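Which chain is which? The protein sequence lines are A and B, in order.
Each residue of the first sequence is one higher than the one before, counting from 1 in UniProt numbering.
Each residue of the second sequence is one higher than the one before, counting from 1 in UniProt numbering.
Beneath this line is the structure, given in structure tokens, with notes to follow.
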Amino acid sequence: MPTVPAASTAPAPLPASLLLLADSRLPTGAHVHSGGLEPAAAAGRVRTVAALAEFLRGRLATAGLVAAAFAAAAAAECARPEPRWAAFDAELDARTPSPAQREASRAQGRALLRTAHTVWPAPALAALAAASPGGAHHPLALGAAAHAAAPEHAPAHAALLAASAAVTGPASAAVRLLALDPLAVHGVLAELAPSVDAVAAEARAVPDSPAELPAVSAPALDVHAELHRGQRLRLFES
Amino acid sequence: MGANHEHDPHHPAPAAGRALRLGIGGPVGGGKTALVAALCRVLREDFALAVVTNDIYTTEDADFLHRTGVLAPERISAVRTGCCPHTAIRDDITANLDAVEAHESRLGPLDLVIVESGGDNLTASFSQGLADRQIFVLDVAGGDKVPRKGGPGVTLADLLVINKIDLASRVGADLDVMTSDADHVREGRPVIATSVREHPDVPEIASWVRAQIAWWRANQAAGGAELAGSGHAH
Ligand SMILES: Nc1nc2c(ncn2[C@@H]2O[C@H](COP(=O)(O)OP(=O)(O)OP(=O)(O)O)[C@@H](O)[C@H]2O)c(=O)[nH]1
Ligand SMILES: [Mg+2]
Numbered sequence: 001m002p003t004v005p006a007a008s009t010a011p012a013p014l015p016a017s018l019l020l021l022a023d024s025r026l027p028t029g030a031h032v033h034s035g036g037l038e039p040a041a042a043a044g045r046v047r048t049v050a051a052l053a054e055f056l057r058g059r060l061a062t063a064g065l066v067a068a069a070f071a072a073a074a075a076a077e078c079a080r081p082e083p084r085w086a087a088f089d090a091e092l093d094a095r096t097p098s099p100a101q102r103e104a105s106r107a108q109g110r111a112l113l114r115t116a117h118t119v120w121p122a123p124a125l126a127a128l129a130a131a132s133p134g135g136a137h138h139p140l141a142l143g144a145a146a147h148a149a150a151p152e153h154a155p156a157h158a159a160l161l162a163a164s165a166a167v168t169g170p171a172s173a174a175v176r177l178l179a180l181d182p183l184a185v186h187g188v189l190a191e192l193a194p195s196v197d198a199v200a201a202e203a204r205a206v207p208d209s210p211a212e213l214p215a216v217s218a219p220a221l222d223v224h225a226e227l228h229r230g231q232r233l234r235l236f237e238s
Numbered sequence: 001m002g003a004n005h006e007h008d009p010h011h012p013a014p015a016a017g018r019a020l021r022l023g024i025g026g027p028v029g030g031g032k033t034a035l036v037a038a039l040c041r042v043l044r045e046d047f048a049l050a051v052v053t054n055d056i057y058t059t060e061d062a063d064f065l066h067r068t069g070v071l072a073p074e075r076i077s078a079v080r081t082g083c084c085p086h087t088a089i090r091d092d093i094t095a096n097l098d099a100v101e102a103h104e105s106r107l108g109p110l111d112l113v114i115v116e117s118g119g120d121n122l123t124a125s126f127s128q129g130l131a132d133r134q135i136f137v138l139d140v141a142g143g144d145k146v147p148r149k150g151g152p153g154v155t156l157a158d159l160l161v162i163n164k165i166d167l168a169s170r171v172g173a174d175l176d177v178m179t180s181d182a183d184h185v186r187e188g189r190p191v192i193a194t195s196v197r198e199h200p201d202v203p204e205i206a207s208w209v210r211a212q213i214a215w216w217r218a219n220q221a222a223g224g225a226e227l228a229g230s231g232h233a234h
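See below:
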């Protein structure tokens, strides 16, 4: 006779509402952004599945880590009586030197907040939107949305969502833009999954001050983002 | 995107306080942009207008509209759709909603916002969350069997336009077959066969659009209570 494990020893499964937030079908406008993949492809740096894997690895370690750490911290911040959104906003701006990337981040954050607030009407989401007249940076919106969707373990969930999105978004763009084999691309994503977990684990240590959050940079992504904005022929906003 | 920094995403304009949103969709090259330009030219005297284009690859449509001078440049904007024109008008309308709302908050109250979709296939149609009314434009030169193939654009669009009838004899297309096939699947919804090139003042289509705007306004005056529903004015 199989025995049913005691409920207390079983790890908590992911709440279903979090799966909604992780699903690329959640309508947040993300599909019009390539996370720098389109300009990298235009520059000839990404044409193959192998090159995509390298691109994603680099993105995960840099922009992915920063996004995951800010998402985790934002999720934790939602539990504070007076969230320090202005400080978070300034710290992310400081880590995002490219105006094109700032704009892309704010556009995606604004859209995500609109969707999240409709789907999970939480005051913290309205408060973040009100504190971000130019649109909240995407990692902050993602952290707040994770908290609204499922408050328990929200920082850890937010870190994982952000780290994962840092590679799945550009991978999906590569399938559409370069017609790479979708099965091979998902093989790459599966190979990257332990690294995504590791980045998420590193990101969920929330420091006291947002200034202490990671500040790794990827200058090539910054430069490409700026060049992309001036292109006449482009399929993705960023 | 990114230009609209003023609006509060949590308080979308109530239906009663905004412009009628008209989607214009249909396969590549059917004459969507030509129709948008024509409508702007004949309606701009009477209504406050703005246009959003969804170009597949470039800002071609927006650039064309700029060059024709049918509207002031600030009334025309383009969104990019990440290789998925149908996604951007149906499954995830975020980029288009942002662009429409940006027009409304920048330009003040508008009567009509036209959203031209990127040229796509017969299964593409506008989400009810983006367009209050939609026109589907078919090209006679695409073949007279197209209406028979159906699809949500052909069957459900509020108005089906069969364009380029000036080419019918050259491509051997039977217009009667096209309109009767269309009528067959459209349950009484209107079909207009025309040539935007030969009739750039698009009289029938323009009066249909005027009727929609009038209906929209009347419902606004009535409080907008029934806006979400069924009462199409045809
Ligand atoms: N002969 C003829 N040509 C037309 C007519 N209407 C449009 N055209 C031409 O058809 C071509 C395509 O027209 P567009 O208005 O750009 O078509 P569209 O549907 O906007 O195209 P996409 O946005 O690229 O999908 C242009 O060269 C137009 O001048 C018409 O009634 N008759
Ligand atoms: Mg066009």
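Just so you know, even glycine gets a beta-carbon here, dropped at the ideal spot from N, CA and C.
Remember, it's a predicted structure, so these values are computed and weren't measured experimentally.
Quick check on the DSSP output: the alpha helix (DSSP H) that includes residue i runs from which residue to which?
i	result
Thr62/A	From DSSP, Thr62/A is part of no alpha helix (DSSP H); its letter is neither H nor E.
Ala182/B	Leu175 to Arg186
Asn163/B	Where Asn163/B is concerned, there is no enclosing alpha helix (DSSP H), although the beta strand (DSSP E) it sits in stretches over Leu159 to Asn163.
Thr59/B	First-last for Thr59/B: undefined, no H or E at that position.
Phe236/A	Premise fails: Phe236/A is in no alpha helix (DSSP H) and is neither H nor E.
Asn121/B	No alpha helix (DSSP H) contains Asn121/B, which DSSP labels as neither H nor E.
To the nearest angstrom, how far is the alpha carbon of residue i from that of residue j?
i	j	result
Ile24/B	Asp197/A	44 Å
Glu54/A	Thr94/B	30 Å
Leu177/A	Gly82/B	8 Å
Ala87/A	Ala22/A	26 Å
Val32/A	Arg148/B	33 Å
Val146/B	Pro203/B	24 Å
Glu191/A	Arg133/B	46 Å
Ala62/B	Ile114/B	12 Å
Arg106/B	Arg80/B	20 Å
residue 271/B	Pro13/A	Residue 271/B cannot be examined here, being either before or after the span of chain B that is shown, 1 to 234.
Arg90/B	Ala131/B	10 Å
Glu45/B	Thr68/B	16 Å
Asn54/B	Leu56/A	28 Å
Asn121/B	Val137/B	11 Å
Asp184/B	Gly150/B	Strictly speaking, residue 184/B in this sequence is His, with Asp absent from that position. Distance between the alpha carbons of His184/B and Gly150/B: 10 Å.
Ala150/A	Val209/B	46 Å
Leu183/A	Leu60/A	20 Å
Asp222/A	Ile205/B	47 Å
Ser17/A	Val70/B	47 Å
Val167/A	Pro85/B	23 Å
Glu77/A	Glu237/A	30 Å
His234/B	Val191/B	Low local confidence applies: a pLDDT of 46 at His234/B is under 50, so the model's placement there is unreliable, with the coordinate-based value given in what follows. One C-alpha to the other measures close to 11 Å.
Ala48/B	Leu110/B	5 Å
Ser195/B	Ala179/A	37 Å
For residue i and chain B, any beta-carbon pair shorter than 9 Å?
i	result
Gly230/A	no
Arg95/A	no
Arg47/A	no
Arg80/A	no
Arg114/A	yes
Ala50/A	no
Arg25/A	yes
Ala111/A	yes
Ala107/A	yes
Could you tell me which chain B residues have their CB closer than 8 Å to the CB of residue i, listed as they occur along the chain?
i	result
residue 241/A	Residue 241/A falls outside the range modelled here, since chain A spans only 1 to 238, and no answer is possible.
Ala145/A	Result: empty, since nearest Cβ-Cβ is about 13 Å, beyond 8 Å.
Along chain A, in chain order, which residues have C-beta atoms closer than 9 Å to that of residue i?
i	result
Ala88/B	Gly29, His31 and Val32
Could you list which residues in chain B have their beta carbon closer than 9 Å to that of residue i, in chain order?
i	result
residue 256/A	The requested residue 256/A is not part of the displayed model; chain A covers only 1 to 238.
Ala40/A	The contacting residues do not exist; Ala40/A stays about 15 Å from chain B at best.
How is the beta strand (DSSP E) around residue i delimited, first residue to last?
i	result
Ser77/B	Ile76 to Arg80
Ala193/B	Val191 to Ala193
Ile114/B	Leu112 to Glu116
Leu20/B	Leu20 to Gly25
Arg133/B	Arg133 to Asp139
Asn54/B	Leu49 to Asp55
I want to see whether chain A comes within less than 9 Å of residue i, judged by CB atoms only; does it?
i	result
Gly108/B	no
Val79/B	yes
Pro14/B	Note on Pro14/B: pLDDT 41, under 50, position unreliable in the model; the coordinate value appears next. Not one chain A Cβ lies under 9 Å of Pro14/B.
Thr59/B	yes
Identify the contact partners of residue i in chain A, using a Cβ-Cβ distance below 8 Å as the criterion.
i	result
Gly82/B	His31, Val32, His33, Ser34, Ala173, Arg176, Leu235, Phe236 and Glu237
The region 145-165 of chain A touching the region 88-95 of chain A, judged by at least three CB pairs closer than 8 Å = no
Should the region 103-119 of chain A be regarded as contacting the region 133-145 of chain A, the criterion being three or more beta carbon pairs within less than 8 Å?
-> yes
Give a yes or no on contact between the region 14-33 of chain A and the region 204-218 of chain A, applying the rule of three or more CB pairs nearer than 8 Å.
-> The way I'd put it, the region 14-33 of chain A doesn't touch the region 204-218 of chain A; fewer than three beta-carbon pairs between them come closer than 8 Å.
Specify whether the region 31-49 of chain B and the region 152-164 of chain B touch according to this definition: at least 3 beta carbon pairs, one from each stretch, less than 8 Å apart.
-> Because the criterion of three Cβ pairs below 8 Å is met, the region 31-49 of chain B and the region 152-164 of chain B touch.
Indicate whether the contact test is met: 3 or more Cβ pairs, each with one atom in the region 32-50 of chain A and one in the region 115-122 of chain A, closer than 8 Å.
-> At 8 Å Cβ cutoff, the stretches do not touch.
Are the region 96-103 of chain B and the region 38-46 of chain B touching, with three or more C-beta to C-beta distances below 8 Å?
-> At 8 Å Cβ cutoff, the stretches do not touch.
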